[in-house]
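Protein chains: 2
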Amino acid sequence: MRMSELSARTGVAVATIKYYLREELLPAGRLMSATQARYDDAHVERLRLIRALLGPARLSIAQVRRVLDAIDAPEADTLARLAQAQHAASVGAAVDDLGPAEAVLARAGWRFDPESAEVAQLAAALAALAEAGYEIPEENFTAYLDAAAVIAETEIAHIPTESAEAAIRYSVLGTVLVEPVLLALRRVAQQDAAYRRFDPDGSR
Amino acid sequence: MRMSELSARTGVAVATIKYYLREELLPAGRLMSATQARYDDAHVERLRLIRALLGPARLSIAQVRRVLDAIDAPEADTLARLAQAQHAASVGAAVDDLGPAEAVLARAGWRFDPESAEVAQLAAALAALAEAGYEIPEENFTAYLDAAAVIAETEIAHIPTESAEAAIRYSVLGTVLVEPVLLALRRVAQQDAAYRRFDPDGSR
C-alpha cells in the first residue's frame, strides 16, 4: 500500500509517519521508484504498536526505540528480548542501597537480576516508606508478595508465542498499561473491604 | 515545648512550621503570652504526618488539608473518615463512560461508591487499554481481581483502631506509598516467572 493508505488504515497523519521513518522507529517501505515506496501489514502492526507505546503507555521516543530494538534483535532468544524490552520501559531510579530490596526478594525466593531497573524501583519504593516512617504490617507484606507472584506467573504463562513482536507488545503494554488498572482495583477493593468491615449490614 | 524544640524533635525548620500554622495544617499551640505558645506530642505526630504526606507520598497542600480535615471531623465515623481521606489522596480522572468499570466491578461483586475518584480512575485505566487496542487475557483479569480483593481485605483488617489519626495515617500513607512497592514487586516477580519459564534449569 502507499503511505496515504497506511495513514488512512491507522489514522496516523502522513507527516507523523514520515517522522517515525526518519527516527527509524518504522522500517522503510519497499522502494518502487526514487519517490515511491510500498508498505505492508507489518507496517500497520508496527505503527499501531508505536502509537500505543507513545500514547496510552506514555513512553518516550528513546524508550520506544529500545523496545523496538528488542523486537528486531536478530539473535536474541525470548528471555533476552523480554528483559531488554522491559528494561527499556522501566523508569530508572537512583538508589544508594539495594540491601532492603534484596532482603525482601530473598525472602520471596525469586530469581532476579540485581542490576535491573526493576530492583532499583523496588529499593526506591522501600526507601520512600522508610523516609515516611511507615512500616508495612508483616501480613500485608506477605499478601503483596503472594499477589505479585500469582499475577506474574499468570501473565508470563499467557505470553503469545506467534512472534517476537506479539510477545513484546503483550509484555511491555501489559506491564505499563495494566499498572493503573491494578492500582485502581486495589483502591476500589479497599472500599468494598471497608464497607464489609464497618458497615456489614449494608445500611449505606 | 517551644517551637524551637518542636523543630529540633521533628527536623522541620521553624519557618516551615510557621507556614503550616498559617495554612492551618498544624493546629495552633497553647498560648502562654502574646508571643509565646507551647506545643505537645500531638503536634509532633501531626507534623510527622504532614511531612510524610507532602514528601514521600507527594500530596499537594490542598490534598493534605483534606486528609487532615477527615481526621479532625468531629462527628464522622470510621468509614466516613476513611472514605473522605482516601478521596482526598486520589487523583481525579475525567472520564465519559463509567460503564466498563462498573461492569468489571459488578463481576467482582464488590460494594463501591460509583461517584468516587477510585471508580473514575479504574474507568480511565480501562479506557487507556482500549485506546491502545490491548485486551487483558481473561485469566489475567481474574488474577488481578482476586489479588486486589485479598490485598484490600488484609489491609483493611489491619487498620489501627487506637485513634482516627492512626487509622488515616495507615490507610492514606499505605495506599499511596505501597503503590510503587506493589508495582515494583510485580515487575520483579515477572523476572522470576520469565526465568522459570524460559530458563528453567537456571543456566543464566
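Protein sequence lines correspond, in order, to chains A and B. Basically the working numbering = 1-based index in the first sequence + 4. Basically the working numbering = 1-based index in the second sequence + 4. Cβ coordinates follow ideal geometry from the N, Cα and C atoms, glycine included.
query	result
Which residues does DSSP pair with B:R42 in a beta bridge?	B:R34
Within a Cβ cutoff of 8 Å, which residues of the same chain sit near A:G178, ignoring the five residues on either side of it in sequence?	E159
Count the other CB atoms, across all protein chains shown, that sit within 10 Å of the CB of A:V108; report buried if there are 16 or more and exposed otherwise.	buried
Indicate whether A:G155 and A:L186 have their beta-carbon atoms separated by less than 9 Å.	Checking the displayed sequence, the identity of residue 155 of chain A turns out to be Ile instead of Gly. Against a cut-off of 9 Å, the Cβ pair of A:L186 and A:I155 comes out as a contact.
Here's a check: name, in chain order, each residue in its chain whose Cβ is nearer than 7 Å to the Cβ of B:R34, leaving out the five neighbours to either side.	A41 and R42
From B:R26, B:P31, B:F202 and B:V192, pick the residue whose C-alpha is nearest to that of A:A127; which is it?	B:V192
Could you pull out every residue in the same chain whose Cβ sits closer than 7 Å to the Cβ of B:V99, ignoring the five residues on either side in sequence?	A124, A127, A128 and A131
Using a Cβ-Cβ cutoff of 7 Å, what residues of the stretch 98-110 of chain A are near chain B? List them in chain order.	L109
Note down the Cα distance separating A:Y174 from B:A171, rounded to an integer number of angstroms.	39 Å
For B:S94 and B:A147, I'd like the C-alpha separation in whole angstroms.	24 Å
Counting only C-beta atoms, is B:G206 closer than 9 Å to chain A at any point?	yes
Which residues in chain A sit within 8 Å of B:E119, going by Cβ to Cβ distance?	Result: empty, since nearest Cβ-Cβ is about 11 Å, beyond 8 Å.
Classify B:E122: buried if its beta carbon has 16 or more other beta carbons within 10 angstroms, exposed otherwise.	buried
In angstroms, rounded to a whole number, what distance separates the CA positions of B:D196 and A:V71?	20 Å
Using the beta-carbon of each residue, which ones in chain A are nearer than 7 Å to B:A12?	Result: empty, since nearest Cβ-Cβ is about 17 Å, beyond 7 Å.
Taking only beta-carbon positions, decide if B:G178 is within less than 9 Å of chain A.	yes
Look at the alpha carbon of B:V18 and the alpha carbon of B:L102, and state the distance between them as a whole number of angstroms.	46 Å
Hey, B:A74 and B:Q88: beta-carbon distance below 9 Å or not?	yes
Alpha carbon to alpha carbon, what distance is there between B:R52 and B:V16?	9 Å
Have a look at B:R6, B:E49 and B:R13 and flag the residue whose alpha-carbon is nearest the alpha-carbon of B:L30.	B:E49
Which value, in whole angstroms, describes the spacing of the CA atoms of B:A161 and B:S120?	22 Å
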